[in-house]
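Trainee: Per the numbering used here, the sequence shown runs over residues 1397 to 1636.
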Amino acid sequence: MSKLLELKDFRYSYGNIQVVKGIDLYVEEGEIITLIGANGAGKTTTMQTISGLTPASGVSGVIEFNGKQIQKLPGYEITKRGLIQVLEGRHIFSQLTVLENMETGAYLRKDRKGIREDIQKMYKLFPRLEERKTQLGGTLSGGEQQMLAIARAMIGQPKLLLLDEPSLGLAPIIVKEIFEAIKRIREDGTTIMFVEQNSKIALNTADRGYVMQTGEIILRDTCENLMNNEQVQKAYMGVD
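(1) Going by Cα to Cα distance, which pick from 1404, 1556 and 1456 is closest to residue 1410?
(2) Can you grab the Cα-Cα spacing for the pair residue 1531 / residue 1523, in whole Å?
(3) Could you say which of 1516, 1593, 1435 and 1611 lies nearest to residue 1416 if we only look at CA atoms?
(4) Using a Cβ-Cβ cut-off of 7 Å (strictly less than) and excluding sequence neighbours within five positions of residue 1575, which residues of its own chain qualify?
(5) CA-CA distance, residue 1403 and residue 1620?
(6) Buried or exposed: residue 1397, going by 16 or more other Cβ atoms within 10 Å of its Cβ?
(7) For residue 1570 versus residue 1539, is the C-beta distance shorter than 8 Å?
(8) In angstroms with no decimal places, state the Cα-to-Cα distance between residue 1445 and residue 1592.
(9) Give the DSSP-derived three-state secondary structure of residue 1488 in the structure shown.
(10) Alpha helix (DSSP H) containing residue 1461: first to last residue?
(11) What residue ranges within the stretch 1512-1544 form continuous alpha helix (DSSP H) runs of no fewer than 4 residues, ordered along the chain?
(12) Okay, do the stretch 1465-1485 and the stretch 1546-1553 touch, 3+ Cβ pairs below 8 Å being the bar?
(13) Using three-state DSSP, classify residue 1409 as helix, strand or coil.
(14) Considering only their Cβ atoms, is the gap separating residue 1488 from residue 1497 smaller than 8 Å?
(15) Jot down the residue ranges of each uninterrupted beta strand (DSSP E) in the stretch 1556-1580, minimum 3 residues, whole runs only, in chain order.
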């Protein structure tokens, strides 16, 4: 396997405040990687900087995607290269239908037949979206909006899919459904990295994990080892 994404001595500062303090991590092709940690650990800043959604002036160190440095590129250039993020809070278009929302994910594509085929694949992955394809995005439940946000990202044909807090605010039964879909997306060949507050489901889904605390990576290991780590159990999984 080759490294699809690599961060080397990556730092991010808002003015004089250093939020991420020189971290190293990598994602190999075909993996699911999770980044866990408490609120304010620097997880979302890391993800948004990888995607080009934070001002490049705050970045130092190297972010390499598919063998090329991307840390100074604008977000749209990074998206064009196949790195697509589903933001925390979903950000779907509330006044567009489910189908129209999905079609916005194809704005960089010209192959209409391929787009139609990929939409059908997403309907198979999330049957509820097909049932609601003519409904406005704003009328969907939180779980359905998360499914739609993931489906829209997948229509863009990502090489690497980034997900920020996919379980946030969702009922446990829907969370299970979302994470089953994440596993199936990987089985179909897409590499995935996600940030997640629910450490238990994160470590049950991913192959490897990184634990962030106050802008630094304090642990890195296979998810199996992290689940058995006493420090992780106490701090992030509610085990006494």
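C-beta atoms are modelled at their ideal positions from N, C-alpha and C, and glycine is treated no differently. Remember, predicted model here, so these are calculated numbers, not experimental data.
Mentor: Concretely, from the data shown:
(1) 1456
(2) 14 Å
(3) 1611
(4) 1597 and 1601
(5) 23 Å
(6) exposed
(7) yes
(8) 17 Å
(9) coil
(10) Taken as a continuous stretch (DSSP letters only), residue 1461 belongs to no alpha helix (DSSP H), being part of the beta strand (DSSP E) at 1455-1461.
(11) 1523-1527
(12) yes
(13) strand
(14) yes
(15) 1556-1560
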